[in-house]
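These notes concern the structure reproduced below.
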Amino acid sequence: MTQTSHLILCVDDELIGLRVRKVLLERAGYRVLTAMDGASGLRLFESEPVEAVVLDYSMPGMHGGEVAGRMRQIKPSIPILLLSAYLGLPADVTSLVNLYMTKGEGAPVLLRKLETLLQPLNTP
Amino acid sequence: MNLSQFNRILQQALLLPVIALLLTAGALYWQIRGANETVGIIQTTDVRIAQAGLVAKLIVDEESGLRGYETTGDERFLQPFNDAGNRLPAEFEKLASLTDSDPQQRYNVEDLRNEHQTWRDAFALPIISLVRAGGHTSDVNLNLYGKSLMDQVRQDIEAITQHAEGRRTVRIGQWRRQVRNLLEALIAIALGMGVLIGLFMRSRLHAVSSAYRSSIEILGRRAEEIFQSEQRLRTTLDSIGDGVITCDASGRIQMMNPVAAELTGWAQTEAVGLPLENVFKIINEHTREPIETPVAKVMRLKTVVGLASHTALIRKDMTQILIADSGAPVRDQTGETAGIVLVFRDITMERRTQEALLANEKLAVAGRLAATIAHEIHNPLDSVSNLLYLMKGGTTEDEFKQFIDMAERELARVTQISRAMLGLYRESKAPVPVDLHEILHEILLLMEHRFQELGVTVTSDIPQPIGVDAFPAELRQVFTNLITNAAEAAGSGGEVRISASSLPAGINSAGNKMPSGALIIIADNGSGISEKVRPHLFQPFFTTKGERGTGLGLWVSRGIVHKHGGTIDLASDTGESAHGTIVSVFLAEKPTINTNVG
């Protein structure tokens, strides 16, 4: 594959969940950066050429909504997919991100949604 | 006019006539005494006249005896002469003594005695001697001499009698004057006293009647005031939302207001006069046992009787409402119970609302927990489902082992969480032995993620198993609520300390005897609760969390702790250096479950 694979940033405080998600995305052909909390996630987001973000909502310190808000200030065009274990998220949070989904919907849904987000990049 | 003034008037009205009559009687006595004295003098005069008569008769006897002897010369005819002659000196003496006080009369009597003596010595005795000697006594000159002597005597007697009768006439005149004076005085005194008493009585009666009139006026005004006050109270009673029944000391209904009539189902007119228990039938809501009426209780305890909980009132149509009631004694001036006032209200709706609120809070707690639990379960589930997806796509042996291992760990986490959850809503009818150590650790486990989210450090010091008898689900609700409050108050970077320890029986700081039990302390270092807010903390619908809170958490928690016979206390400091809030919950080891609360 001559086309360089997309660089994805995964932020989640759940260690196992993060590790599994990283393997999953790598198998799907993405390059994956991981961060365990919002602050380190933002640092990576700023320094690396991240193309999409898979962000967990509930995290200690800074929750997903806040992290997404900062990211929008830094690089407003980068698509963000918000993951949450909660069913209902506040509207001001969902309006910040491109897509959101509930954890447990399964890997195919995650991969499909991520693909949709990267679509405009794939078809220039 | 007061009572002592009135009594004085009564006394005067009695004393004055008595004094007046006594004075009248005194005057009359004095007058009558004067008249009596006069009568006495008249009687003395009568005696004197009679005595003069007696002396005259004796002298006549002497003269007659002498004349008989003169004529016959027979000694027997001298008998009357001798008898009279023997008696006369004494009778003269008597006459003299009767006339002692009158010099004229004394002179007359003395003269009479001398004249008589002269007649006797100069005429009678010589005549007798002459007759005895056999001489003749028919000499005219001698007899004329005797006659002239006797005439002297008669003249004297006449003078004495006339003098006495004259005196008598004067005295009788005097007596008549006295009697007339007496009558006049009597009439004058009677008139005077009558007018005096009349005037006095008139003035006194005036005073009494004006006092009476003003009393009547005051009474009228009082009656009007009492009427108005009664109207005011009646209107108040009719307008208030609680049922009010008043009873006399024997427990018979005297009055009931419209609300009481509506609640009991008895019309006011038919209830008045009936014994209270006929109209106000109350039973225990749960046991259906009749309850002593507040009136009987007030009569027994002679004090205000407070609200009895779980009281149901059986209405006239046999339907039933839940009520809260209280009774208070009405005391008379001596402090005896003269009646009872009974106040009660329908709490059926209140109770339903309360039950609905409790259910609502339970649901809210359950809802909040469900969200936490969903989060706790969704995370491992997500990992497991991703792992399964990866394994389906084929793995190396190493990867397989690694994936299986991770899936197992995530599933173990789910199991642990679901176990903790199981205990949460297991309802039980009776308290069961509970280990507070276990309960608190389960709650902390479930909330772990929430603490991380909030950025709160939680430390716990619950050294050994602490057993109490309780309803575990309810205690979980209480501690989840208190720990959540503490964590939210502490905020990011804050700290929550939870400690629990067994307490032996003893006396607490307030001096109350406490049974053995457990003390759980939940402390945070948040900004503290201001004094303005503190009094409202345990009130329903009071919240500082805006949309996120129901305002029922602490209210319900306190209800549950009280139901467990325990206490819940809150101390807070908003100071610069040592701010924070400490909630202490005491639970008895073997509580008497108090179902009347909550």
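Chains as they are written, first to last, in this note's numbering: chain B, 238 to 361; chain C, 70 to 667.
Ideal placement from N, C-alpha and C gives every residue a C-beta, glycine not left out.
Beta-carbon spacing of aspartate 274(B), glycine 298(B) below 7 Å: yes
Short CB-CB distance (under 7 Å) between serine 242(B) and chain C: no
Alpha helix (DSSP H) segment containing glutamate 139(C), residue limits: 72-141
Sub-7 Å separation of glutamine 323(C) and alanine 330(C) beta-carbons: no
Own chain partners of valine 346(B) with C-beta closer than 8 Å, once the 5 adjacent residues on each side are dropped: Met338
CB of glycine 320(C) within 7 Å of CB of leucine 345(C), strictly: yes
C-beta atoms of leucine 261(B) and alanine 322(B) nearer than 7 Å: no
Whether leucine 213(C) touches threonine 206(C) by CB criterion (7 Å): no
Collapsed DSSP secondary structure at alanine 318(C) in the structure displayed: coil
Backbone secondary structure at methionine 516(C) - three-state DSSP: helix
Where phenylalanine 655(C) sits in the DSSP three-state scheme: strand
Any C-beta of chain B under 7 Å from that of glutamate 477(C): no
DSSP state of arginine 414(C) mapped onto helix, strand, coil: strand
Chain B contact residues for serine 308(C), given Cβ-Cβ distances below 9 Å: Per Cβ cutoff of 9 Å: no residues; serine 308(C) is ~50 Å from chain B at best.
Contacts of lysine 340(B) in chain C (Cβ-Cβ under 8 Å): His447, Asn448, Leu450, Asp451
Local Cβ density within 10 Å of glutamate 251(B), reported as buried at 16 or more and exposed below that: buried
Other residues of its chain near glycine 341(B): CB distance less than 7 Å, five sequence neighbours each side excluded: none
Minimum C-alpha distance to serine 570(C) - residue among Met516(C), Phe469(C), Thr465(C), Ala657(C): Ala657(C)
Within the region 312-377 of chain C, ranges of the alpha helix (DSSP H) (whole runs, at least 4 residues): 327-333, 337-340, 345-348, 363-370
Test item: CB-CB of glycine 254(B) and asparagine 448(C) under 7 Å: yes
Three-way DSSP call (helix, strand, coil) for alanine 289(B) in this model: strand
Whole-number beta carbon distance between alanine 340(C) and valine 328(C), since they are thought to touch under 8 Å: Not confirmed; about 13 Å, so no contact.
Straight-line gap, lysine 163(C) to glutamine 120(C) (C-alpha atoms, nearest Å): 8 Å
Where serine 487(C) meets chain B, residues with beta-carbon distance less than 8 Å: In chain order: nothing, as chain B lies at least about 15 Å away.
Straight-line Cα distance separating leucine 252(C) from arginine 245(C): 11 Å
Of the residues Leu348(B), Leu355(B), Pro286(B), Ala276(B), the one placed nearest arginine 258(B), counting alpha carbons only: Leu348(B)
Minimum length 3: unbroken beta strand (DSSP E) runs contained in the region 268-345 of chain B: 268-272, 289-293, 317-321, 336-339
Delimiting residues of the beta strand (DSSP E) encompassing leucine 529(C): According to the sequence shown, residue 529(C) is serine rather than leucine. 526-530 is the extent of the beta strand (DSSP E) around serine 529(C).
CB contact check: glutamine 471(C) to chain B, cutoff 7 Å: no
Rounded C-alpha distance that separates isoleucine 241(C) from leucine 181(C): 27 Å
For histidine 444(C), the nearest candidate out of Leu326(B), Gly306(B), Leu336(B) (CA to CA): Leu326(B)
Contact residues within the region 241-265 of chain B, judged by C-beta distance below 8 Å to chain D: The structure shown has no chain D; the protein chains it does contain are B and C.
Residue burial classification, valine 239(C) (beta-carbon count within 10 angstroms, cutoff 16): exposed
Glycine 667(C) to valine 630(C) span [Cα, whole Å]: Model confidence at glycine 667(C) stands at a pLDDT of 39, short of 50, so the residue's coordinates are unreliable and nothing is read from them.
Residues, ordered as in the chain, of the region 283-303 of chain B that lie near chain C by beta-carbon distance below 8 Å: Ser295, Met296, Pro297, Gly298, His300
Test: leucine 480(C) CB closer than 7 Å to a CB of chain B: no
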